[in-house]
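These notes are about the structure you will find just below.
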Amino acid sequence: MRRWLKIGAAAAILAAVAFWILTAPNTLDDDPIYATTGDAVAGERMFRIAGCGACHMAKGATGDDRLRLVGGQEFASPFGTFIAPNISPDPETGIGGWSSYDLANALLRGVSPEGAHYYPVLPYGSYARMQPRDVVDLKAFLDTLPAVVQTNPDHDLPLPFRLRRGLGLWKLLFMDDSPVIADAPEAGRYLVEGPGHCAECHTPRNIIGGLDTSRWMAGAPNPSGTGRIPNITPGAPDVGQWSAADLAYYFETGFTPDFDTAGGEMVEVISSLSALPAADRAAIAEYLKFIPAQAPTE
Amino acid sequence: MKFSLISSTVAASLVAGALFAGGHLAYEQRQAAMKTLGGSMKTLGGMAQGAAPFDAAIVAATLAAMQAAAETAQGAFPAEPDLDPESKALAAIWENRADFDARQLALVDIIVATAANPPADAAAIGPMMQQIGGTCQSCHENYRMPDQ
Chain W
368 MRRWLKIGAA AAILAAVAFW ILTAPNTLDD DPIYATTGDA VAGERMFRIA
418 GCGACHMAKG ATGDDRLRLV GGQEFASPFG TFIAPNISPD PETGIGGWSS
468 YDLANALLRG VSPEGAHYYP VLPYGSYARM QPRDVVDLKA FLDTLPAVVQ
518 TNPDHDLPLP FRLRRGLGLW KLLFMDDSPV IADAPEAGRY LVEGPGHCAE
568 CHTPRNIIGG LDTSRWMAGA PNPSGTGRIP NITPGAPDVG QWSAADLAYY
618 FETGFTPDFD TAGGEMVEVI SSLSALPAAD RAAIAEYLKF IPAQAPTE
Chain Y
2 MKFSLISSTV AASLVAGALF AGGHLAYEQR QAAMKTLGGS MKTLGGMAQG
52 AAPFDAAIVA ATLAAMQAAA ETAQGAFPAE PDLDPESKAL AAIWENRADF
102 DARQLALVDI IVATAANPPA DAAAIGPMMQ QIGGTCQSCH ENYRMPDQ
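Next comes the structure, spelled out in structure tokens:
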């Protein structure tokens with residue numbers, strides 16, 4: 368009996384050590400590129416395609432307030448309610464004190480400057496594919512925005528999900544910065560699979576929140592309410608019939624080929640996409656026409 | 002002369018379509034009105050994109066049809082929640098009724114203002130559509146169910 372207890376205790380300690388090692392936050396190597404000065408104009412393009420403002424501005428902000436990235440918006444999920452942080456350049460309550468390297472760790476690895484895991488509500492599973500240069504430029508642009516002092520409440524999560532360490536396991540399972548549709552045209556692939564993070568809503572997830580890449584862009588339940596986020600592959604009954612020009616026009620104006628308008632979260636996405644260079648909208652459209660058709664979900 | 006005859010026929014049928022389309026149920030009336038709005042935007046979009054020649058009379062008739070449709074839609078959201086599996090209207094409409102009504106009114110207002118000062122050429126249609134489309138989206142963002 369004593370012997371079994373000893374073996375059990377040893378196994379538990381081993382499991383705990385293994386858990387601790389496996390779940391360690393994995394930071395980037397410090398590349399000299401993070402010490403260079405970013406190009407804020409190029410960074411604004413990244414800011415648009417990454418859609419930072421949609422989540423980090425105040426809820427329903429209009430006009431110039433859309434560039435005050437104060438946080439505070441709430442995002443309900445099956446795991447609890449997440450609250451967007453302040454990412455304005457305020458050094459105390461925002462991220463003004465961060466280096467480009469800190470921002471790169473947040474976006475590419477989902478790790479805070481203090482070395483804690485972020486929840487994947489920050490879509491680092493997609494941002495992991497971003498080029499370091501683009502992160503440096505994005506930081507330069509973020510630094511030009513108004514600094515706002517605002518402290519937001521913590522996420523409101525039930526106990527098992529309040530412990531961030533376990534996210535290390537989630538990352539082991541789902542963090543992968545390789546291309547999903549490897550042979551797709553590169554410009555659009557980078558924008559869609561990386562900073563654009565389109566799959567985060569348009570691809571269904573498994574029970575622990577990982578993207579099902581075998582159903583890439585096949586549509587998914589709406590995480591923030593009723594209805595579904597549509598299938599946007601060539602197999603979709605409606606969007607699949609749109610030409611690349613139709614898609615690009617939709618990204619620019621919000622009008623579908625039938626002159627219905629965008630709705631739901633896509634309204635906010637269109638407001639970002641419409642501010643991009645036309646070549647980027649065309650590249651996204653080209654990618655979406657290329658990816659494998661997915662049958663509609665019943 | 003021949004053109005204006007065609008235009009006025011188009012105008013009459015557009016207005017009639019907006020007024021008489023749709024079934025008895027409130028959501029059917031709203032859906033018919035929304036369809037008229039979408040079809041009207043398509044007519045205007047065709048001119049903006051150069052697929053159809055610019056015709057001031059058709060623009061005026063289209064805007065008249067849109068005004069009628071917007072007013073029909075405005076009157077077809079009952080005071081009590083009107084949810085149906087066939088309707089994409091969200092409960093949020095009735096939880097934020099004042100905001101919803103204000104946005105619907107903004108659509109009617111912008112159509113009336115545009116009809117009073119209509120676009121003079123094809124190039125002016127695009128910006129006009131963006132303005133009107135913006136009011137459409139501002140409702141669709143929070144009050145219409147997304148779907149496939």
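Residue numbers (this note's numbering), protein chains in the order written: chain W, 368 to 665; chain Y, 2 to 149. For glycine and all other residues, C-beta sits at the position ideal for the given N, C-alpha and C.
- For residue 469 of chain W, same chain residues with a beta-carbon under 7 Å away, outside a window of 5 residues either side, are 480 in chain order.
- Residues of the segment 617-641 of chain W whose Cβ lies closer than 7 Å to any Cβ of chain Y, in chain order: 620, 621, 622, 625, 626, 627, 628, 629, 630, 631, 634.
- With contacts defined as CB atoms closer than 8 Å, residue 475 of chain W and residue 395 of chain W qualify as a contacting pair.
- Contact with chain W is absent for residue 86 of chain Y, since none of that chain's Cβ atoms lies less than 8 Å from the residue's Cβ.
- Nearest CB-CB separation between residue 594 of chain W and chain Y: below the 8 Å threshold.
- Contact with chain W is found for residue 145 of chain Y, since one of that chain's Cβ atoms lies less than 8 Å from the residue's Cβ.
- Of all alpha-carbon atoms in Y/111, Y/139, Y/71, the one lying nearest the alpha-carbon of residue 30 of chain Y is that of Y/71.
- The contact set of residue 589 of chain W on chain Y, defined by CB atoms closer than 7 Å, consists of 147 in chain order.
- Residue burial is scored here from C-beta neighbours: residue 408 of chain W has fewer than 16 other C-beta atoms within 10 angstroms and is therefore classed as exposed.
- Taking C-beta atoms as the reference points, residue 564 of chain W and residue 584 of chain W fail to come closer than 8 Å.
- For residue 81 of chain Y, there is no enclosing alpha helix (DSSP H), as DSSP marks it with neither H nor E.
- When DSSP reads this structure, residue 435 of chain W sits in no beta bridge, so it has no partner.
- Residue 454 of chain W has its alpha-carbon roughly 10 Å from the corresponding atom of residue 464 of chain W.
- Sorting Y/115, Y/142, Y/66, Y/50 by C-alpha distance to the C-alpha of residue 41 of chain Y places Y/66 at the top.
- Residues of the segment 127-138 of chain Y with a C-beta less than 9 Å from any C-beta of chain W: 127, 130, 131, 134, 135, 137, 138, listed in chain order.
- Relative to the Cα of residue 444 of chain W, the nearest Cα in the group W/647, W/488, W/460, W/425 belongs to W/488.
- For residue 479 of chain W, there is no enclosing alpha helix (DSSP H), as DSSP gives it neither H nor E.
- Note that the segment 535-546 of chain W does not touch the segment 431-444 of chain W; fewer than 3 beta-carbon pairs, one per stretch, sit closer than 8 Å.
- Among the residues of chain W, those whose CB is under 8 Å from the CB of residue 42 of chain Y are 622, 626, following chain order.
- Between residue 507 of chain W and residue 420 of chain W, the gap from beta carbon to beta carbon reaches 8 Å or more.
- Residues 67, 70, 71, 74, 137 of the same chain have their beta carbon placed closer than 8 Å to that of residue 38 of chain Y, with the five preceding and five following residues left out of the count.
- A direct Cα-Cα distance of roughly 5 Å separates residue 495 of chain W from residue 544 of chain W.
- Contact between residue 653 of chain W and residue 555 of chain W holds, with the beta-carbon distance rounding to 5 Å and staying under 8 Å.
- Look at residue 108 of chain Y: its C-beta is not under 8 Å from any C-beta on chain W.
- Following the DSSP letters along the chain, one finds residue 136 of chain Y in no beta strand (DSSP E) but inside the alpha helix (DSSP H) bounded by residues 123-144.
- With a threshold of 8 Å between beta carbons, residue 81 of chain Y makes no contact with chain W.
- Secondary structure of residue 41 of chain Y (DSSP, three-state): helix.
- For residue 523 of chain W, the beta-bridge partners assigned by DSSP are W/448.
- Within chain W, 630, 631, 634 have C-beta atoms less than 7 Å from the C-beta of residue 142 of chain Y, given in sequence order.
- Going by C-alpha positions, residue 647 of chain W is about 23 Å away from residue 580 of chain W.
- For the segment 41-60 of chain Y, residues whose beta-carbon sits nearer than 7 Å to a beta-carbon of chain W comprise 42, 43, 46.
- DSSP places residue 380 of chain W inside the alpha helix (DSSP H), whose first and last residues are 369-389.
- DSSP places residue 569 of chain W in the helix class (H, G or I) of the three-state scheme.
- The criterion of a C-beta distance shorter than 8 Å is satisfied by residue 578 of chain W and residue 492 of chain W.
- Per DSSP, the unbroken alpha helix (DSSP H) holding residue 618 of chain W starts and ends at 611-620.
- The Cβ atoms of residue 418 of chain W and residue 639 of chain W sit closer than 8 Å to each other.
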